[in-house]
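Just below is one structure, and these are the notes that go with it.
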Amino acid sequence: MRVLFTLLCIVQMFVQNNFGQERNCGTMEVLDRQIKENPSMLKNMDEIERQVQEYIRKHPNGSGERTVITIPTVFHVVYRTATENISDAQVQSQIAVLNADFKALNSDIGLTPSIFQGVIGNVELEFCLATQTPSGNSTNGITRTSTTVSSWGTNDNVKRSTYGGVNPWNPSNYLNIWVCNIGGGVLGYAQFPGGPATTDGVVLDYRYTGTLGTATAPYHKGRTATHEVGHWLNLRHIWGDANCGSDLVSDTPVHNTANGGCPAYPHYSTCSGAPVEMTMNYMDYTYDACMYMFSQGQKTRMRAVLEGSGSRSGLQNSPGCMPVDPNQCNAPSGLSTTNITAATATSGWSAVANAINYTYEYKTNAATIWTAQDVSGTSVNLTGLTSSTAYNTRVKTNCSAGSSVYSATVNFTTTAPPPPCPDQYENNNTSNSAKTISIPSSGTASINAKIGTSADVDWFKFKNSNSKRNIRVNLTGLTQNYDVALFRKGDLNTPVGISQNSGTADEQIIFNNTLSGTDYYIKIYGVDGAFDNNICYNLSVTISSSSLRVDNHDEQILPLNELIIYPNPASDEITVVVPFGNQKEGILSILDITGKVVNTQKLTFDKSIKTINMDVSQFKSGMYVLNFRTLTDSYTRKLAITDK
Ligand SMILES: [Zn+2]
Numbered sequence: 008m009r010v011l012f013t014l015l016c017i018v019q020m021f022v023q024n025n026f027g028q029e030r031n032c033g034t035m036e037v038l039d040r041q042i043k044e045n046p047s048m049l050k051n052m053d054e055i056e057r058q059v060q061e062y063i064r065k066h067p068n069g070s071g072e073r074t075v076i077t078i079p080t081v082f083h084v085v086y087r088t089a090t091e092n093i094s095d096a097q098v099q100s101q102i103a104v105l106n107a108d109f110k111a112l113n114s115d116i117g118l119t120p121s122i123f124q125g126v127i128g129n130v131e132l133e134f135c136l137a138t139q140t141p142s143g144n145s146t147n148g149i150t151r152t153s154t155t156v157s158s159w160g161t162n163d164n165v166k167r168s169t170y171g172g173v174n175p176w177n178p179s180n181y182l183n184i185w186v187c188n189i190g191g192g193v194l195g196y197a198q199f200p201g202g203p204a205t206t207d208g209v210v211l212d213y214r215y216t217g218t219l220g221t222a223t224a225p226y227h228k229g230r231t232a233t234h235e236v237g238h239w240l241n242l243r244h245i246w247g248d249a250n251c252g253s254d255l256v257s258d259t260p261v262h263n264t265a266n267g268g269c270p271a272y273p274h275y276s277t278c279s280g281a282p283v284e285m286t287m288n289y290m291d292y293t294y295d296a297c298m299y300m301f302s303q304g305q306k307t308r309m310r311a312v313l314e315g316s317g318s319r320s321g322l323q324n325s326p327g328c329m330p331v332d333p334n335q336c337n338a339p340s341g342l343s344t345t346n347i348t349a350a351t352a353t354s355g356w357s358a359v360a361n362a363i364n365y366t367y368e369y370k371t372n373a374a375t376i377w378t379a380q381d382v383s384g385t386s387v388n389l390t391g392l393t394s395s396t397a398y399n400t401r402v403k404t405n406c407s408a409g410s411s412v413y414s415a416t417v418n419f420t421t422t423a424p425p426p427p428c429p430d431q432y433e434n435n436n437t438s439n440s441a442k443t444i445s446i447p448s449s450g451t452a453s454i455n456a457k458i459g460t461s462a463d464v465d466w467f468k469f470k471n472s473n474s475k476r477n478i479r480v481n482l483t484g485l486t487q488n489y490d491v492a493l494f495r496k497g498d499l500n501t502p503v504g505i506s507q508n509s510g511t512a513d514e515q516i517i518f519n520n521t522l523s524g525t526d527y528y529i530k531i532y533g534v535d536g537a538f539d540n541n542i543c544y545n546l547s548v549t550i551s552s553s554s555l556r557v558d559n560h561d562e563q564i565l566p567l568n569e570l571i572i573y574p575n576p577a578s579d580e581i582t583v584v585v586p587f588g589n590q591k592e593g594i595l596s597i598l599d600i601t602g603k604v605v606n607t608q609k610l611t612f613d614k615s616i617k618t619i620n621m622d623v624s625q626f627k628s629g630m631y632v633l634n635f636r637t638l639t640d641s642y643t644r645k646l647a648i649t650d651k
């Protein structure tokens, strides 16, 4: 059988010639690609074919008792435009066609020529729109997903949420049918039994789905789905995808190749024996109105995968079309882990009907004891993990009536630890050895450096300019509790801004001022000796002509508990940073050495005037006292005015 499938792949490229009147089915092209991507699929298909042949041997000529099998079906409508978002009624019209065609109840079956009437196959399949989701929630069997993708092609991306599509529901329990804009003239494509579960199902172009709405002649009678579901149940094209090829069915005649359009009857094959071709078979390439039968041999192939040990036999036990039980408590599905780093990961799963909460557990693969936690949501952020280590996860649902079993265990492996970060700026442990950050014309410089030891302190300096006086300092990417302070040249004891958030929260200083451009210094240090010799922090410095604001941060710079003045001594201009505390207003006064008030102003709390600039050029040289008082507090600081 391996030889057979390999041959099919090789020859199909020669027989995919399109005469314009043939339907364009992408199934064999997709099979070819999938086998190239995953050669082990051939082995699966070989095993399935062995089981099918054994089934056929036991059920010759379509014999045997057969009960109707109902296949729970979900339609995933993936649309970019309103037109592509086909109606519920159009989906229901497609289900009706499938239910007719697979039970030989289609109104046009009487057109079958007498020579083929004896081999008409009633496959005895029904299709129901799912009534419950994999998580046990009620559904109408139709999902709708808005996307930005304009045409999908046949690369299976419509089946992947990460590409703007939608993931299949568990294909052991559902026939998944995606409806989308495939493009390229392809009407639809299917995945044969034996392919990956993550892409299992049928894809239909929205123009060739059902019999209403967007259904477009001559493929407007829902037969694209009949044809593709035939593939999904292991049927080959009737010409065997080769000149006079085999479709692995004994009661269909040998066809030269695909027939398109609406062939006149009888259409003779030139293959051995020159039989009349069964052009009205669903697995040919004719128009929808000109195909209306399966054969009994095709029925047997399809039933083989649905019964006994068949690869799709699980569908018979699917709860997909059972009514939702108000007391059921299913185990969560869809457990997966994302955002995996050396130390962190996020686990998530699908919500379950009737859940009160979930018990999530994880452990290293080597451990025997799970770490458990109850969570009300459907995801957990894991931290403090060990790098390069395999972990196991599982989750169960807790309902009022009890708990579900655990989900299947899902494993993930943390990544290797990041390489140690090179620090290009040491030694810069003092203000004298501060390293210069040059700020490009964009206004923002960004560097990476590290606090490598408990004694390490990093000093940097930079210039603002007269045209870009306002300053913002951001410290991010922290793995330890670091703080940052900003100093203006001339006073490296009293910061003009300091950010002291706890833990690994980002730090930010915003310093809007009208002073002329000069050197500023930044000091970064670990709190209580915190350091990380492996992972760098990111320091970004922005200078701007317009005032900078606190973005995305509730934290405020400075909870100040002192009055700050700089430069000091001063001659022209001073900047005063006032501490409002919890108050909304305060009085700032300047007194001379005799205690006489020489200047006073009332200040109202506003982030933008926390920093006040004052012209002191008219002050006589000497000592002054600045006082700022609010209803609750009073702050005093001396100021020296010198001659210019
Ligand atoms: Zn096909």
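Numbering (this note's numbering), first residue to last: 8 to 651.
Cβ coordinates follow ideal geometry from the N, Cα and C atoms, glycine included.
(request) Consult DSSP for residue 577 and reduce its assignment to one of helix, strand or coil. (result) strand
(message) To the nearest angstrom, how far is the alpha carbon of residue 564 from that of residue 513?
(response) Below a pLDDT of 50, predicted positions are generally treated as unreliable, and residue 564, at 43, falls in that range; the measurement from the model is reported next regardless. The alpha-carbon atoms of residue 564 and residue 513 are separated by roughly 12 Å.
(request) Kindly confirm or deny that the segment 249–257 and the segment 194–208 touch, where touching means at least three C-beta pairs closer than 8 Å. (result) no
(message) Threshold first: 3 residues or longer. Then list the beta strand (DSSP E) segments lying entirely within the segment 399–464, N to C.
(response) 417–420, 451–456
(request) Could you check what DSSP says for residue 493 in three-state terms: helix, strand or coil? (result) Residue 493 falls in the strand class under three-state DSSP.
(message) Please return the same chain residues whose Cβ sits closer than 8 Å to the Cβ of residue 641, not counting the five positions on each side in sequence.
(response) 634, 635
(request) Count the other C-beta atoms from every protein chain shown that fall within 10 angstroms of the C-beta of residue 75, then say buried if there are 16 or more, exposed otherwise. (result) exposed
(request) Could you tell me which residues DSSP pairs with residue 607 in its beta bridges? (result) 596
(request) In the DSSP assignment, find the unbroken alpha helix (DSSP H) run with residue 62 in it and report its ends. (result) 47–65
(request) Tell me whether the beta-carbon of residue 113 lies closer than 8 Å to the beta-carbon of residue 299. (result) yes
(message) Under 7 Å: does the beta carbon of residue 293 sit that close to some heavy atom of ligand 1?
(response) no
(request) Report, in whole angstroms, the separation of the C-beta atoms of residue 180 and residue 325, which I expect to be a contact under 8 Å. (result) 4 Å
(request) With a 10 Å radius around its C-beta and 16 neighbouring C-beta atoms as the bar for buried, classify residue 643 as buried or exposed. (result) Residue 643 comes out exposed.
(request) Please write down, chain order preserved, every residue whose beta carbon lies under 6 Å from a heavy atom of ligand 1. (result) 32, 34, 234, 238, 244
(request) Determine the direct distance from the alpha carbon of residue 417 to that of residue 530, and round the result to whole angstroms. (result) Straight-line Cα distance between these residues: approximately 45 Å.
(request) Rounded to whole angstroms, what's the CA-CA distance from residue 195 to residue 210? Just pull it up for me. (result) 5 Å
(request) In the DSSP assignment, find the alpha helix (DSSP H) that holds residue 99 and state where it starts and stops. (result) 95–108
(message) Less than 7 Å between C-beta atoms, sequence neighbours within five positions excluded: which residues of the same chain meet that for residue 404?
(response) 336, 337, 338, 339, 359, 362, 365, 410, 411
(message) Can you check which of these residues, 537, 503, 507, is closest to residue 482 by C-alpha distance?
(response) 507
(request) May I ask you to report which of helix, strand or coil DSSP gives residue 562? (result) At residue 562 the pLDDT is 32, less than 50, meaning the model places this residue with poor confidence; the figure from the coordinates comes in the next sentence. In this structure, residue 562 counts as coil in the three-state DSSP scheme.
(message) Considering Cα atoms alone, identify which of 250, 277, 313 is closest to residue 79.
(response) The residue with the shortest Cα to Cα distance from residue 79 is 313.
(request) Work out the CA separation of residue 521 and residue 474 for me, nearest whole Å. (result) 10 Å
(message) Which residue wins for smallest C-alpha separation from residue 133, given the options 499, 309, 596?
(response) 309
(request) From the DSSP output, in three-state form, read off residue 116 for me. (result) helix
(request) Please go through the same chain and pick out, in chain order, the residues whose beta-carbon is closer than 7 Å to the beta-carbon of residue 260, but skip the five residues on each side of it. (result) 276, 282, 283, 284, 285
(request) Would you kindly check if the distance between the Cβ of residue 456 and the Cβ of residue 546 is under 8 Å? (result) In contact: residue 546 and residue 456 (Cβ atoms closer than 8 Å).
(message) Output needed for residue 123: all residues of its chain with C-beta closer than 8 Å, excluding positions within five of it in sequence on either side, in chain order.
(response) 285, 287, 300, 302
(message) If you follow the alpha helix (DSSP H) that residue 44 is in, where does it begin and where does it stop?
(response) 34–44
(request) Could you tell me whether the Cβ atoms of residue 581 and residue 471 are closer together than 8 Å? (result) no
(message) So for residue 312, helix, strand or coil by DSSP?
(response) Helix, per DSSP.
(request) Using the Cα positions of residue 224 and residue 415, report the straight-line distance between them to the nearest angstrom. (result) 46 Å
(message) Suppose you measure from the CA of residue 426 to the CA of residue 102; what does that come to, to the nearest Å?
(response) 56 Å
(request) Along the alpha helix (DSSP H) that carries residue 235, what are the first and last residues, could you check? (result) 230–239
(message) What would DSSP say about residue 10, mapped onto helix, strand or coil?
(response) Any reading at residue 10 must be qualified, since the residue scores a pLDDT of 36, below 50, and its modelled position is unreliable; no value is offered.
(request) Could you tell me whether the segment 423–439 touches the segment 382–390, where touching means 3 or more Cβ pairs closer than 8 Å? (result) no
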